[in-house]
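> First the structure, then my questions, so here it is.
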Amino acid sequence: MPHATAPLDLVTSVATGELGIVDLTFTLSPDFPVIVLPPELGQAAAIRIEEISHYDSRGPAAYWNNVSFSEHAGTHFDAPIHWFTGRDLPSNSVETMPVEHMIAPACVIDCSQSAQADADFLLTVSAVETWEAQHGAIPPRCWVFLRTDWSKRTGRDYANLRDDGAHTPGPDASVIRWLVEQRDVLGFGTETIGTDAGQAGHFQPPYPAHHYLHGAGRYGLQCLCNLDKLPAKGATIIAAPLKIRNGSGSPLRVLALVSKCSSAD
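The working numbering puts the sequence shown at residues 10 to 274.
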């Protein structure tokens, strides 16, 4: 049984510092922005935290809160059922998705300089092929994270809403389809509020990351942070969404396991 001690080895590696843990999660709070859709559509609820008691007359021994939020608030997970292209797939909700998909390797494509120069920057197939020429091919069933350093922005700069909607970076339609069909990725992650670019409603098809990822039974992660602390290859991602009945997604804690021998490029 050569792999019998693997879980214990993992715990030991963390305890000894050989393996580091990077938190890729924003704090869930009422101050964190949620996605804003065209006014004729339904809107995601704001994050609310309501105190129940704080060692007082409402409960002298306890401090606790009621919390409410959209499934797609804060650092969150998108399941295939979230989009019409994935609505008829099996095991398409956060309740039914295979648990083995919650732990997977990641490739991090650094486009931070391009995104700083252009809020509407789009990742292309050519850019990914250039990355692969340096780091090797993207392996199947891994996460691909688009690093833009967008998570370093705050407030209105983070949502970057203008009269014609959000202006934030993301993938173009061809690259997201290519990643699914040619690289068999498990999912795609971003530092922005959505896996799609802010202006992706005007793409063909509209919101192609949602369209192609979820239509193929793949996943999305958004509102990630600390991607600058990950290597281009070598991190292992733990992303376990809440088990919501028929849930289309959920806020979650996203952790990256990184060897101390690895370094961010």
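Think of the CB as a built atom: it goes at the ideal place given N, C-alpha and C, for glycine as much as any other residue. Since we're looking at a predicted model, the values are computed, not measured.
Let me know the alpha helix (DSSP H) ranges lying completely inside the region 178-227, each 4 residues or longer, listed in chain order.
Fully enclosed alpha helix (DSSP H) runs of 4 or longer: 182-190, 217-224.
> Is the beta carbon of Thr204 sitting closer than 9 angstroms to the one on Pro240?
Sequence index remark: in the sequence shown, residue 204 carries index 195 (1-based). Sequence index remark: in the sequence shown, residue 240 carries index 231 (1-based). No, the Cβ-Cβ distance between Thr204 and Pro240 is not below 9 angstroms.
> Would you decide whether Gly164 is buried or exposed? Buried here means 16 or more other CB atoms lie within 10 Å of its CB.
On the sequence shown, residue 164 is found 155 positions in, with the first residue counted as 1. Exposed.
> According to DSSP, is Gly83 part of a helix, a strand, or is it coil?
Working through the sequence shown from its first residue, we reach residue 83 at position 74. Coil, per DSSP.
> DSSP state of Gln52, grouped into three classes?
Here residue 52 is taken as the residue at index 43 of the sequence shown, counted from 1. Gln52: coil per DSSP, three-state reduction.
> For a test of the three-state rule: what should DSSP assign to Thr21, helix, strand or coil?
Sequence index remark: in the sequence shown, residue 21 carries index 12 (1-based). In this structure, Thr21 counts as helix in the three-state DSSP scheme.
> Just to confirm my understanding: we take Leu170, look at its own chain, exclude 5 residues before and 5 after, and list those with CB closer than 7 angstroms. What are they?
Locating residue 170 in the sequence shown gives position 161, counting from the first residue. Closer than 7 angstroms at Cβ, skipping near neighbours: Val45.
> Nearest CA to the CA of Thr94: which residue from Ala218, Gly29, Val31?
Mapped onto the sequence shown, residue 94 falls at position 85. Of Ala218, Gly29, Val31, the residue nearest in Cα terms is Ala218.
> With three or more beta-carbon pairs closer than 8 angstroms as the criterion, would you say the region 153-167 touches the region 196-214?
With a cut-off of 8 angstroms, the region 196-214 and the region 153-167 count as touching, because enough Cβ pairs lie within range.
> How far does the alpha helix (DSSP H) with Trp152 in it extend, from its first residue to its last?
The residue labelled residue 152 in the question sits at position 143 within the sequence shown. Careful: Trp152 lies outside any alpha helix (DSSP H), inside the beta strand (DSSP E) at 152-156.
> Is Gln275 buried or exposed, if buried means 16 or more other CB atoms sit within 10 Å of its CB?
With the chain running from 10 to 274 in the structure shown, residue 275 is simply not present.
> Report the rounded CA-to-CA distance for Gly229 versus Asp87, giving the unit in angstroms.
Position 220 of the sequence shown, counted from the first residue, corresponds to residue 229. Position 78 of the sequence shown, counted from the first residue, corresponds to residue 87. Cα-Cα distance, rounded: 5 angstroms.
> Around the Cβ of Trp73, are there at least 16 other Cβ atoms within 10 angstroms (buried) or fewer (exposed)?
Working through the sequence shown from its first residue, we reach residue 73 at position 64. Exposed, by the Cβ-count rule.
> Is the region 41-60 in contact with the region 12-31, if contact means three or more CB pairs nearer than 8 angstroms?
The region 41-60, when compared against the region 12-31, does not touch it at the 8 angstroms Cβ threshold.
> Leaving aside the five residues before and after Lys269 along the sequence, list all residues of the same chain whose C-beta is less than 8 angstroms from its C-beta, in chain order.
Stepping through the sequence shown from its first residue, residue 269 is reached at position 260. Gly26, Glu27, Leu28, Gly29.
> Could you have a look at His176 and say whether DSSP puts it in helix, strand or coil?
In the sequence shown, the residue the question calls residue 176 occupies position 167. DSSP places His176 in coil when its eight states are reduced to three.
> By the 10 Å Cβ neighbour count, where 16 or more other Cβ atoms means buried, how is Asn101 classified, buried or exposed?
In the sequence shown, residue 101 corresponds to position 92, counting from 1. Result: buried.
> DSSP beta-bridge partners for Lys242?
As a working note, residue 242 is residue 233 in the sequence shown. Answer is Cys116, bridged to Lys242.
> Run through DSSP, which three-state label would Pro260 get?
Translated into positions along the sequence shown, residue 260 becomes position 251. Pro260 falls in the strand class under three-state DSSP.
> Can you give me the Cβ contacts of Ser77 inside the same chain, cut-off strictly under 7 angstroms, excluding the 5 residues immediately before and after it?
Here residue 77 is taken as the residue at index 68 of the sequence shown, counted from 1. These residues qualify, in order along the chain: Ala54, Arg57.
> Are the region 127-146 and the region 251-266 in contact at 8 angstroms, needing three or more beta carbon pairs?
No: fewer than three Cβ pairs fall under 8 angstroms.
> Which residues does DSSP list as the beta-bridge partners of Gln231?
Indexing the sequence shown from 1 puts residue 231 at position 222. His85, per the DSSP bridge assignment.
> If distances are taken between C-alpha atoms only, which option among Val23, Ala15, Asp18, Leu17 comes closest to Leu264?
Residue 264 sits at position 255 when you count from the first residue of the sequence shown. Taking only the C-alpha atoms, the option nearest Leu264 is Val23.
> Please determine, among Val137, Asp166, Ala124, the residue with the shortest C-alpha to C-alpha distance to Arg186.
Here residue 186 corresponds to residue number 177 of the sequence shown, with the count starting at 1. The shortest C-alpha separation from Arg186 is found at Val137.
> Whose CA, out of Asp173, Asp40, Pro42, Ala206, lies closest to the CA of Ala182?
On the sequence shown, residue 182 is found 173 positions in, with the first residue counted as 1. Answer by Cα proximity: Ala206.
> Answer yes or no: do Ala244 and Leu222 have a C-beta to C-beta separation smaller than 9 angstroms?
In the sequence shown, the residue the question calls residue 244 occupies position 235. In the sequence shown, the residue the question calls residue 222 occupies position 213. Cβ distance not < 9 angstroms, so Ala244 and Leu222 don't count as in contact.
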